[in-house]
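Peer 1: Numbers in my numbering are just positions in the sequence shown, counted from 1, shifted up by 6. Note that beta-carbon positions come from the ideal geometry of N, C-alpha and C, so glycine has one too. Before we start, here is the structure in question, set down as structure tokens.
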Amino acid sequence: MEPTELSPPTDGRRAWLAALLLRQPDRFLPRLTATLTRWRATPRAVRRRWQRRVAATATGAALLLAMTASPLLVPTARAATITVDGACTLVDAIIAANTDTASGSCIAGSPGADTIDLQVDVTLTASHVNYVGPSGTPVVSSMIVIEGNGHTIARDGTAPEFRILAVDSTGDLTLNDVTISGGRLAAAYTDFNGAGILVSDGRLAVYGSTITGNEVVTYGFGGGIANFGGDVTIVRGTISDNHAGDEGGGLSQYGGTATIHDSTFSGNSAGDDGGAIIHYVGTMSIVNSTLSGNEAGSGGAIYVDDALTIVNSTLTGNSANYGGAIFNFDPVTLSRSIISGNSATVTGAEIVNYGTISADDSNVFGHAGLNNAQAFRYFTPGANDVNATSDGDNIPLGDILDTTLADNGGPTETHNLVADSPAVDLTYDAACAAPPLNGVDQRGAPRPFDVAGQGNEGTNTCDAGAVEYLSPVPGGTDIFMSANAAGTTGDGLNFGPHDVLRWDGNGWSKFFDGTAAGLTPNGRAKHNINAIWVPDPSEEDVVLSFGQNSRFVGNITPKVDGMDLVWWDADAQEFSLWFDGDDVDLTNKTQEKIDALHVLPGSESPIGGGSCQAYLLISTQGPGRVSNTGEPAIIFSGEDVLGFCATNLGDNTAGLWTKVIDGRDQGMPRNSTTSISAEVDGDGQLAALYLTTRSTFNVDAATGGHSMIYAYDFGTETFSGPYFVAADAGLPRHVNALHVAELPLD
């Protein structure tokens, strides 16, 4: 992005449903509200297809109208955030969230979804409840998000055997950036399953988290996760080194659904079937994922007994007696995947098939050193697949992929492709761009990516497998952030909430030192930075807003509120008021605080007729309204992005407002935006908006939690990412403010 040259200033159809809800609100309203919450969180394309289908009937149309517009269904309860800090324990936090009452030193949960914010590692020393076997924590029976912030929930190695977490039929658990480890169910518990997590008809979502080192012994199922009739989603997860004495070392599924994206299953084992995964009943899809180094008696990677779809995934280094990678009894669809480098002591080094496998879609199977009879049992690759066995193209494994599972960028370990691999440019570009890939590989790197001299040139440049060859992983070479609390980065930099940090791709530095500038990090006079904009990364000026009102900031009079912006002039070592929110209708000192900001040249404003000094993109902490003289008010919420054409800045701020992004129309959770940064194209038009969010964010191809940078493409009106995860870079606190100087989408 080019630096922006600005200078600091001197100065009736839903009546039946409504009636039903009013007659029996306790029975129907919570269920319908929860359903609506999930429905709104699905991608817009899914919602539109669903809308068209439901609206085909009169009652369906009425239900649809009720779900989309009825004020009865707008949740009024505000979600609680319960901080686990040592005084408030994880056990008490789950009790508080389940019961909506205070427990121990934990505040009460809310009737809505509650967030449990881990600020410490959690070590469990005793079973808390017996729920189909001993569990170390209360059974999750409500909507709970655990924000792990890189912390671990583990069983003490000397404690009695128990699992870590359990979710019942009313439970809805989301894990963000947390590790679940050490769960163990011993030989006495032959009917007990899921040493890490048990899901019993409930819902589990695992985002950017690790399930590792959990074990069920003897006849146990699901060393890492056992799903019985529930809905399990794993995105950017690592499921590693778990063991099941019987079936499903990493994941066992007996009914329900499982969706696995951008994840790695490695080092898992099972005494009988499904080293990484056993899929008995239900539906399962595996996309952009790696299954490596797993082992079992049958199906070293996967044992299949119901419908399974595998897309652009890599299965290698797995081993079994029968079916080194896949042992199949039911319909499997394989698209653009690599199944190579697996082994079996009896038969089917790659695949044993007693059901139906639909392939013939740009897959790579086998490798030199194995003939077809050794590699496949009752399976034959299709004409549009690559058969790399000695009976086919006779391609050595090392010429297909790097056999070492490694950190190749992104949040999970993967296997890189190698030069001249048959997987390079194997399939059509549209396959990469369309769902479920949405233009990225497992690491988040762009697909397709054309490498000169490799495969095809210009077209049909999409690669098979989980990794796109030599595609650069998006990484911030210049990112500015402020955090919500003091802490220390992974490379040892101490910071406070009044500082601005800089990430250059290799480490952290302090770009703006709040203490040196006279700001206070804590106490009644604290200055917590809420939004930032860096006019020129080569200079040291910065524009700030604060999370508090009535702050003394330098020599600015009167005091500065959260709706104002101040400019720090590094040369003069002084602050000046740059934007007075009260002058332009930002008057609510709670909801209308500026918590996200980017500034563009005035010439890029779509309003103002060329009179703009600057064009500000602003998001606020909550809902509000602004108006232009003589025009209807613009109603907005904390997920929206406003545009402000500034015709005057400073003490007498003036200008015109417009709405740039209606977050609700784009499928965003309410009040979810916490920071923004923008990118323009060569014509000066808005191309992308980078943003961080308050908590869980699942819109379009974007899936994750707080303190992750997502991108909104103005051309396609879709979200993707994350492209940067602050915790992975060593920032242990929530991101409050963001400026992206370099984080390309392609």
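Which of the three DSSP states, helix, strand or coil, is assigned to Y659?
Peer 2: Here the sequence assigns Thr to residue 659, which means Tyr is not the residue at that position. Residue state, collapsed to three classes: coil.
Peer 1: Give the C-beta separation of L204 and A160 to the nearest angstrom, bearing in mind that I take them to be a contact with Cβ-Cβ under 8 Å.
Peer 2: Not a contact, Cβ separation roughly 17 Å.
Peer 1: Using three-state DSSP, classify D435 as helix, strand or coil.
Peer 2: Residue state, collapsed to three classes: helix.
Peer 1: Hey, quick one: how far does the alpha helix (DSSP H) through L96 stretch, first residue to last?
Peer 2: Where L96 is concerned, the enclosing alpha helix (DSSP H) stretches over L96 to T105.
Peer 1: Considering A531, what are the terminal residues of the alpha helix (DSSP H) in which it resides?
Peer 2: Segment: none, A531 is in no alpha helix (DSSP H) and carries neither H nor E.
Peer 1: Under 8 Å: do the region 462-470 and the region 433-440 share three or more Cβ pairs, one atom per stretch?
Peer 2: Short answer: they touch.
Peer 1: Leaving out the 5 sequence neighbours to the left and right, which residues in its chain are closer than 6 Å to Q460 when beta-carbon positions are compared?
Peer 2: V430.
Peer 1: What is the residue span of the beta strand (DSSP E) that A379 lies within?
Peer 2: Per DSSP, A379 belongs to no beta strand (DSSP E); it is in the alpha helix (DSSP H), N378 to A381.
Peer 1: Using the beta-carbon count (16 or more within 10 Å), is K565 buried or exposed?
Peer 2: Label assigned to K565: exposed.
Peer 1: Determine the DSSP secondary structure at G255, reduced to helix, strand or coil.
Peer 2: In this structure, G255 counts as coil in the three-state DSSP scheme.
Peer 1: If you compare alpha carbons, which of T659, A707, D98 and N390 is closest to M674?
Peer 2: Ranking the options by Cα distance to M674, first place goes to A707.
Peer 1: Starting from the Cα of F234, find the closest Cα among N393, S396, I150 and V138 and give me that residue.
Peer 2: Of the listed residues, the one whose Cα sits closest to F234 is V138.
Peer 1: Going by the CB atoms, is the gap between N359 and I332 shorter than 9 Å?
Peer 2: Result yes, Cβ atoms of I332 and N359 sit closer than 9 Å.
Peer 1: Identify the continuous beta strand (DSSP E) that holds F333 and give its terminal residues.
Peer 2: I332 to N334 is the span of the beta strand (DSSP E), which, as asked, contains F333.
Peer 1: Let me confirm a value: D268 is counted as buried when at least 16 other C-beta atoms fall within 10 Å, else exposed. Which label applies?
Peer 2: Classification of D268: buried, given that the 10 Å Cβ count is 16 or more.
Peer 1: On the three-state DSSP scale, how would you describe L411?
Peer 2: It is coil, neither helix nor strand.
Peer 1: Rounded to the nearest angstrom, what separates L171 and G202 at their Cα positions?
Peer 2: Rounded to the nearest angstrom, the two C-alpha atoms are 6 Å apart.
Peer 1: Tell me, please, which residues DSSP counts as bridged to M714.
Peer 2: Note: M714 sits in a beta bridge opposite V731.
Peer 1: Output the distance between the C-alpha atoms of V705 and S477, rounded to the nearest integer angstrom.
Peer 2: The straight-line gap from Cα to Cα measures roughly 24 Å.
Peer 1: I'd like the span of the beta strand (DSSP E) that includes Y384, first residue to last.
Peer 2: No beta strand (DSSP E) contains Y384, which DSSP labels as neither H nor E.
Peer 1: Rounded to the nearest angstrom, what separates G767 and V473 at their Cα positions?
Peer 2: There is no way to answer for residue 767, as the model of the chain reaches only from 7 to 752.
Peer 1: Applying the 10 Å Cβ sphere with the 16-neighbour rule, what's the burial state of R242?
Peer 2: Buried is the call here.
Peer 1: Taking 9 Å as the threshold (C-beta atoms), are G711 and V173 in contact?
Peer 2: No. Outside cutoff.
Peer 1: With L648 as the anchor, note down where its beta strand (DSSP E) starts and where it stops.
Peer 2: First-last of the beta strand (DSSP E) with L648: V647 to N654.
Peer 1: Assuming the contact rule is C-beta atoms closer than 8 Å, A85 and A119 should be a hit. Round their C-beta distance to whole Å, please.
Peer 2: Right, their Cβ atoms sit about 5 Å apart.
Peer 1: Nearest to V128 by alpha carbon, out of S148, S116, L96 and S272?
Peer 2: Comparing Cα-Cα distances from V128 to each of S148, S116, L96 and S272, the minimum goes to L96.
Peer 1: What would DSSP say about D588, mapped onto helix, strand or coil?
Peer 2: D588: helix per DSSP, three-state reduction.
Peer 1: Could you have a look at S582 and say whether DSSP puts it in helix, strand or coil?
Peer 2: Looking at S582 - three-state DSSP - the assignment turns out to be strand.
Peer 1: Do you know how far the Cα of A489 is from the Cα of D505?
Peer 2: When rounded, the distance between both Cα atoms is 8 Å.
Peer 1: Can you give me the Cβ contacts of V741 inside the same chain, cut-off strictly under 8 Å, excluding the 5 residues immediately before and after it?
Peer 2: Only M487, S488, A489, N490, T680, S681, T698, H712, S713 and A732 meet the Cβ criterion.
Peer 1: Give me the Cα-Cα distance between L499 and A523, rounded to the nearest whole angstrom.
Peer 2: Approximately 18 Å between the Cα atoms of the pair.
Peer 1: Taking the alpha-carbon positions, what's the A250 to D278 distance?
Peer 2: Whole-angstrom Cα-Cα distance: 8 Å.
Peer 1: From Q627 to L210, what does the alpha carbon distance come to, in whole angstroms?
Peer 2: About 29 Å.
Peer 1: Just reading off the beta strand (DSSP E) that D123 is part of, what are its end residues?
Peer 2: Per DSSP, D123 belongs to the beta strand (DSSP E) from D120 to L124.
Peer 1: Does the separation of the CB atoms of V572 and L583 fall below 9 Å?
Peer 2: In contact: V572 and L583 (Cβ atoms closer than 9 Å).
Peer 1: Based on DSSP bridge pairs, tell me the residues matched to A537.
Peer 2: A537 is bridged to S551.
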